[in-house]
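So the sequence shown is numbered by UniProt numbering: it starts at 1 and just counts up by one. The beta-carbon is built from N, C-alpha and C at its ideal position, and this holds for glycine as well. As the structure is a prediction and not an experimental result, all values here were calculated from the model.
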Amino acid sequence: MEEVKPESLTTPNGDASGGATINSEVSTNGGASSKRGFFGGIFPKGRPKLRLTSEYDSETSVFLNKVSCRLLDNLAKLKLSFHNNSKGEVSDPQITFTSKFFSLYYDVEENDALLKASFEIAPGLQFRADHSVKDCQGEVAMIADLAGPNYKLQLSSAVPSIGKPKASIIFPLGEVTFEEKVEEEEDQRKALAVSGFVKSHVLNGLCTALYSEDNLNLRYTFKDEQLTFIPSISLPSNVLSCAFKRRLSPSDKLSYLYFFDSNNWSMVYKHKIGKDYKFKAGYDSEPRLGWASLWFGDEDGKAKTSPMKLKVQIMLQVPQDDINSSALMFCVKKRWDI
Numbered sequence: 001m002e003e004v005k006p007e008s009l010t011t012p013n014g015d016a017s018g019g020a021t022i023n024s025e026v027s028t029n030g031g032a033s034s035k036r037g038f039f040g041g042i043f044p045k046g047r048p049k050l051r052l053t054s055e056y057d058s059e060t061s062v063f064l065n066k067v068s069c070r071l072l073d074n075l076a077k078l079k080l081s082f083h084n085n086s087k088g089e090v091s092d093p094q095i096t097f098t099s100k101f102f103s104l105y106y107d108v109e110e111n112d113a114l115l116k117a118s119f120e121i122a123p124g125l126q127f128r129a130d131h132s133v134k135d136c137q138g139e140v141a142m143i144a145d146l147a148g149p150n151y152k153l154q155l156s157s158a159v160p161s162i163g164k165p166k167a168s169i170i171f172p173l174g175e176v177t178f179e180e181k182v183e184e185e186e187d188q189r190k191a192l193a194v195s196g197f198v199k200s201h202v203l204n205g206l207c208t209a210l211y212s213e214d215n216l217n218l219r220y221t222f223k224d225e226q227l228t229f230i231p232s233i234s235l236p237s238n239v240l241s242c243a244f245k246r247r248l249s250p251s252d253k254l255s256y257l258y259f260f261d262s263n264n265w266s267m268v269y270k271h272k273i274g275k276d277y278k279f280k281a282g283y284d285s286e287p288r289l290g291w292a293s294l295w296f297g298d299e300d301g302k303a304k305t306s307p308m309k310l311k312v313q314i315m316l317q318v319p320q321d322d323i324n325s326s327a328l329m330f331c332v333k334k335r336w337d338i
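The structure is reproduced here in structure tokens:
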């Protein structure tokens, strides 16, 4: 369930935990020696603590369930996720194994796996690769430090190769990427495409320029303790927008977003009570929709940091053109440590 607002919300990761040690002791000749149990190599600290997270969205009437645990002394994580509806039907089961150097994402229904690997070959030189088993496609990349860790050169290529590798130069103020792309489908003519972004502090604010596919977006962000002002323009379309945020008090904030090309606008008011309670109300002129929501638990935080490891959102949507079709929705997310 998403709110209509000028800013995006953004999902939780697991924590490290351990359980009771499983071992067996065998005494001989008055002395004692210990052996690890059958799972001692996989679970050095005994059975790992399981984390179960369940989320229900009334808009879709579907549960999203995740079960995860840490393995190999917290060096790896195993996770199972799946959806189920009110009839108990299970869908989209996925198994994920992640570690520092290797990750596996397996889709049970599609019988497909995505493999990812990343490790350091030498100081300042890193190798990264990913491969889709079903599509028999992937990508390999090499990242090298140039003049210290803040300056990098990345070369990446599709597998199987379909052209010259893509090159990216990363530096403190931005990133520039050079890539060969097909310019015309009929004669398969290829041309060098350039994309990237640069940013710099200008007049107590941050100026950002983003260039991609012949489109240039210029944005300036000014922010202090009370005010945030973000004008933005896209070229050559000349789409101009302006975002304005004002902190009315330590617990109250007002946000406004306006698009000059379409005259569409949206407004959001926020009121916080401590860290774990929030009230939000807003209006979006494009769908002509007003809404209000209540949050229990940190909106941007994880369920494990919320009281009782529980997050609840209750939302009311009121269409301006048809008030009788107003809808009350809710979303509940709960975590258990077993």
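As for any beta strand (DSSP E) of minimum length 3 sitting wholly inside the segment 96-162, the runs are 102-107, 112-122, 125-132, 137-145, 152-159, ordered along the chain.
Where residue 323 is concerned, there is no enclosing beta strand (DSSP E), because DSSP gives it neither an H nor an E. Boundaries of the beta strand (DSSP E) around residue 284: 277-284. Separation of residue 100 and residue 74 (C-alpha to C-alpha, rounded to the nearest whole angstrom) is 10 Å.
For residue 133 and residue 59, the gap between their C-alpha atoms comes out near 34 Å. Within the same chain, and ignoring the five residues on either side of residue 68 in sequence, the residues whose Cβ sits closer than 7 Å to its Cβ are 14, 51, 77, 78, 79. Residue 55 and residue 333 do touch by the CB rule: their CB atoms are close to 4 Å apart, below 8 Å. In terms of Cα proximity to residue 162, the closest of 146, 180, 123, 171 is 180. Contact between residue 291 and residue 282 holds: CB atoms are separated by about 6 Å, below the 8 Å threshold.
Contact annotation, residue 139 with residue 156: C-beta distance approximately 6 Å; criterion of less than 8 Å satisfied. The beta carbons of residue 130 and residue 116 sit about 4 Å from each other, so the pair counts as a contact at 8 Å. CA-CA distance, residue 146 to residue 154, rounds to 10 Å. Taking every protein chain shown into account, the CB of residue 338 has fewer than 16 other CB atoms within 10 angstroms, so this residue is exposed.
For residue 203, DSSP records no beta bridge to any residue.
In the three-state DSSP reduction, residue 305 falls in the helix class (H, G or I). In the DSSP annotation of this structure, residue 47 is not part of any beta strand (DSSP E), being labelled neither H nor E. In the displayed model, residue 175 falls within a strand according to three-state DSSP. Checking the DSSP bridge columns, you'll see residue 82 partnered with 65. In the three-state scheme derived from DSSP, where H, G and I count as helix and E and B as strand, residue 210 is classed as strand.
Here residue 70 is buried, its C-beta having at least 16 other C-beta atoms within 10 Å.
Take residue 93, set aside five residues on each side of it, and the residues of its chain with a beta-carbon closer than 6 Å to its own are 82, 108, in chain order. With 16 or more other CB atoms across the displayed protein chains lying within 10 angstroms of its CB, residue 268 is buried. The bridge partners DSSP lists for residue 219 are 208, 232. Following the DSSP letters along the chain, one finds residue 289 inside the beta strand (DSSP E) bounded by residues 289-296.
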